[in-house]
Amino acid sequence: MSTTAAPSRMHTARAGVQKFGTFLSGMIMPNIGAFIAWGLITALFIEKGWLPVGALGGFGNGPDGKPYVGLVGPMITYLLPLLIAYTGGKAVYDVRGGVVGAIGTMGVILGAGIPMFIGAMIMGPLGGWTMKKIDAIWDGKIKPGFEMLVNNFSAGIWGAILALFGFYAISPVVTWFTEQAGNVVQFLVNNGLLPLTSIFIEPAKVLFLNNAINHGVLTPLGTQQSLEQGKSILFLLEANPGPGLGILLAYMFFGRGAAKASAPGAALIHFIGGIHEIYFPYVLMRPILILATMAGGMTGIATLAVTHSGLVAPAAPGSIIAVLAQTAKDSYFGVILSVILACAVSFVIASIILRASKDRGEGDLAAATAQMEGMKGKKSMASSVLGAGAAGGAGVALATDIKNIVFACDAGMGSSAMGASVLRNKIKAAGHKDVTVVNKAISALTDTYDMVVVHQDLALRAEEKTPSAQIVTVDNFMGSPKYDEIVALLDEQAATEPTPFEGVPAKAEPASEVEAAASHVPVPHVHEETKDVLRRESILLGTTAPDMGGAIDEAGRLLKEAGAVDDAYIASMHERETSVSTYMGNFLAIPHGTNEAKDHIQASAVTFIRYDAPVDWNGKPVKFVVGIAGKGKEHLGILAKIAKVFGDKEQVARLESAATVDEVLDILGKVNA
Numbered sequence: 022m023s024t025t026a027a028p029s030r031m032h033t034a035r036a037g038v039q040k041f042g043t044f045l046s047g048m049i050m051p052n053i054g055a056f057i058a059w060g061l062i063t064a065l066f067i068e069k070g071w072l073p074v075g076a077l078g079g080f081g082n083g084p085d086g087k088p089y090v091g092l093v094g095p096m097i098t099y100l101l102p103l104l105i106a107y108t109g110g111k112a113v114y115d116v117r118g119g120v121v122g123a124i125g126t127m128g129v130i131l132g133a134g135i136p137m138f139i140g141a142m143i144m145g146p147l148g149g150w151t152m153k154k155i156d157a158i159w160d161g162k163i164k165p166g167f168e169m170l171v172n173n174f175s176a177g178i179w180g181a182i183l184a185l186f187g188f189y190a191i192s193p194v195v196t197w198f199t200e201q202a203g204n205v206v207q208f209l210v211n212n213g214l215l216p217l218t219s220i221f222i223e224p225a226k227v228l229f230l231n232n233a234i235n236h237g238v239l240t241p242l243g244t245q246q247s248l249e250q251g252k253s254i255l256f257l258l259e260a261n262p263g264p265g266l267g268i269l270l271a272y273m274f275f276g277r278g279a280a281k282a283s284a285p286g287a288a289l290i291h292f293i294g295g296i297h298e299i300y301f302p303y304v305l306m307r308p309i310l311i312l313a314t315m316a317g318g319m320t321g322i323a324t325l326a327v328t329h330s331g332l333v334a335p336a337a338p339g340s341i342i343a344v345l346a347q348t349a350k351d352s353y354f355g356v357i358l359s360v361i362l363a364c365a366v367s368f369v370i371a372s373i374i375l376r377a378s379k380d381r382g383e384g385d386l387a388a389a390t391a392q393m394e395g396m397k398g399k400k401s402m403a404s405s406v407l408g409a410g411a412a413g414g415a416g417v418a419l420a421t422d423i424k425n426i427v428f429a430c431d432a433g434m435g436s437s438a439m440g441a442s443v444l445r446n447k448i449k450a451a452g453h454k455d456v457t458v459v460n461k462a463i464s465a466l467t468d469t470y471d472m473v474v475v476h477q478d479l480a481l482r483a484e485e486k487t488p489s490a491q492i493v494t495v496d497n498f499m500g501s502p503k504y505d506e507i508v509a510l511l512d513e514q515a516a517t518e519p520t521p522f523e524g525v526p527a528k529a530e531p532a533s534e535v536e537a538a539a540s541h542v543p544v545p546h547v548h549e550e551t552k553d554v555l556r557r558e559s560i561l562l563g564t565t566a567p568d569m570g571g572a573i574d575e576a577g578r579l580l581k582e583a584g585a586v587d588d589a590y591i592a593s594m595h596e597r598e599t600s601v602s603t604y605m606g607n608f609l610a611i612p613h614g615t616n617e618a619k620d621h622i623q624a625s626a627v628t629f630i631r632y633d634a635p636v637d638w639n640g641k642p643v644k645f646v647v648g649i650a651g652k653g654k655e656h657l658g659i660l661a662k663i664a665k666v667f668g669d670k671e672q673v674a675r676l677e678s679a680a681t682v683d684e685v686l687d688i689l690g691k692v693n694a
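See below:
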């Protein structure tokens, strides 16, 4: 019992720190562009900048004799904290939460009189969370016609209360904390102890525990220090690319196998691209190499301290280009020297370790990358560069506990509903009743899911919306092998839990209509004509089509003849195909209109066409084309029923051999139920 309890507690604690750090990072990273803009304006226009301009840098007096305000002070005092607060509030409770969080932050800003980044990271999420709780009190109880009045005044009144709370209660506490943290940093600097922070920072980077320190403490303190002194050493405690470059250079010269072969490309991505996690698997292959990064980091910090060098703003990502762009005017020599020396020390120590080791990198780099992604809890860029079988690549890697899965597509209707239905059935059949699977449009995604399943062409868009989730990409919605890998992953997850899924409620997510259909639960508000969605005259067998466009036109024509759509909807079916293919797998395509074309649907209808010769559907063979138009949300239930049919290979074979319309209706009859 004691041998397993400690690792479990360690894993839980690490996951908690990672989650907290990710949340802090989620408030800072979207606004890094604003930090960079402020840093460039500061470096250029302050009195000691490259192009001093009093009106922009905020020094000197104007023609009227009044002191210039400039851009530097207002941006760091008001703009940056308010952006952080809005981002944090929005992450908790969408735009409404962001607005209330920003209002509350104004109280902290005015009460403190110094840049309030930590205060913003408190008030933003607090404003969003409390507004969400307040709205829940009268949810569904407001009389029609009074919603806007109640919503606007409740947000305004509560925002004003939070601003007062921030002014009188939060700002003194945060000011005290900022002063104490600054005193600790100054003590470390005065006593030459600041380099020792690398003992904690470098291992924290590899374990993905650094965000809480970097974005929660170093960035706010560094920005305050930069405002007062024109630069800060704190911005380079974690972002220096030298230590990681030294590791990769050592593998280039003294490594073997896949590690040696991949090190040059990884070094380029790390040093120029600024993606530091690319070198983490190389350290995990030989954990003792963390000593090299620690020594390199200490050397770089010591060099910065001796030369009194620093950056004017955060360097994100940690690319040498970003570092140099944010370097203070008088710090180029010290910053460049710190990167060179940090790299050299790391390289020498790593080389000694590799040369003294029997294994010079012949271990399993893919396994090390998968281990890294397991700690990170999501897919990493390293998986594609280093060839690891991570999610979205050859397989699905084990990540943090998966309870809430979303299947996303461009419009959140056809493709995602079909895929979600298939995946949900597989997961339920495997006995994972507490794992929810819903479907959403990419634009509606929030960073609240454990796993996102998405078409490979939409992966980047999904990752921007859900940076904390594990991304799994598919190109076959009906029969993707990734579904079985996800089920196997859930089996493995359940096997490692002391009481698998017992007593753990599913995450709060309302069951969608497609979930209800898949579970044989009646879908609420179903249109009376749903029983007639597939008519005899809407079924064609043994026909041919010249190409994909012709097949879409034919499906659209049948929908129009059924009185379901107009010509504008048919045009939108072609438009939908240009963004993401509606090929589902199992020789099936389900052309349908875009989300914007919903108003052109008069009634729900389904058409079925079987082609003797497969149609080339963006490189995939299609024999069955099912055109869909759903009034309201009826299409979700229809898609769930179609998914069940085409998810069964025996039923697909029956459809392929069906000789009459009656046989097709017998197989697809459930869509009319």
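The numbering of the sequence shown is the numbering used here, which starts it at 22 and goes up by one. Note that CB positions come from ideal geometry on N, CA and C, so glycine has one too.
Taking 3 residues as the shortest admissible run, the stretch 437-464 contains the following complete beta strand (DSSP E) segments, listed from N- to C-terminal end: 457-462. The beta-carbon distance between residue 117 and residue 157, rounded to whole angstroms, is 12 Å. This is too long to meet the 8 Å contact definition. Rounded to whole angstroms, the Cβ separation of residue 331 and residue 349 is 6 Å, and the two are in contact under 8 Å.
For residue 574, the enclosing alpha helix (DSSP H) has its first and last residue at 569-582. One alpha carbon belongs to residue 245, the other to residue 160, and they sit about 42 Å apart. Cβ neighbours of residue 453 within its own chain (closer than 6 Å, five residues either side excluded): 511. Comparing C-alpha distances from residue 279 to each of 489, 595, 302, 167 shows the shortest one belongs to 302. In the three-state scheme derived from DSSP, where H, G and I count as helix and E and B as strand, residue 426 is classed as strand. Secondary structure at residue 624: coil, using DSSP grouped into helix, strand and coil. Going by beta carbons, residue 284 and residue 196 fall outside the 8 Å limit. Under DSSP, the beta-bridge partners assigned to residue 494 are 475. Within the DSSP bridge table, the entry for residue 88 names 82 as partners.
When the alpha-carbon of residue 641 is set against those of 669, 605, 128, 614, the nearest one is in 605.
Residue 105 holds the alpha-carbon nearest to the alpha-carbon of residue 44 among 182, 93, 105. Around the beta carbon of residue 88, fewer than 16 other beta carbons sit within 10 angstroms, so the residue counts as exposed.
In this structure, the straight-line span from the alpha carbon of residue 128 to that of residue 100 is close to 14 Å.
In this structure, the straight-line span from the alpha carbon of residue 502 to that of residue 666 is close to 18 Å. Counting only the Cα atoms, residue 326 lies some 21 Å from residue 368. Rounded to whole angstroms, residue 239 and residue 254 show a C-alpha spacing of 10 Å. Counting other Cβ atoms within 10 Å of its Cβ, residue 637 stays below 16 and is therefore classed as exposed.
Between residue 137 and residue 151, the C-beta spacing is not below 8 Å. When rounded, the separation of the alpha-carbon atoms in residue 52 and residue 65 is 20 Å. Minimum Cα-Cα distance from residue 371 among the listed residues 263, 109, 474 corresponds to 263. Taking the Cα positions, residue 451 is about 14 Å away from residue 424.
Looking at the backbone, the Cα of residue 181 and that of residue 188 are separated by about 11 Å. Spanning the alpha carbons of residue 470 and residue 356 requires a straight line of approximately 40 Å. Residue 153 carries a helical assignment under DSSP once its states are collapsed to helix, strand and coil.
Contact between the stretch 470-490 and the stretch 580-593 is not established, with fewer than three Cβ pairs separated by less than 8 Å.
Taking every protein chain shown into account, the CB of residue 307 has 16 or more other CB atoms within 10 angstroms, so this residue is buried.
Here DSSP, grouped into helix, strand and coil, assigns residue 349 to coil. C-alpha of residue 462 to C-alpha of residue 324: approximately 50 Å in a straight line. Leaving aside the five residues that flank residue 427 on each side, the residues in its chain whose CB is nearer than 6 Å to its CB run, in chain order, 459, 461, 470, 473. Inter-residue distance for residue 213 and residue 70 is about 28 Å (C-alpha atoms, whole angstroms).
Counting only runs of 4+ residues, the alpha helix (DSSP H) found wholly inside the stretch 195-253 occupies 219-227, 240-250, in chain order. Around residue 611, the same chain offers 435, 439, 603, 605, 647, 649 as residues with beta carbons nearer than 7 Å, after the five sequence neighbours per side are excluded. Per DSSP, the beta-bridge partners of residue 631 are 562, 645.
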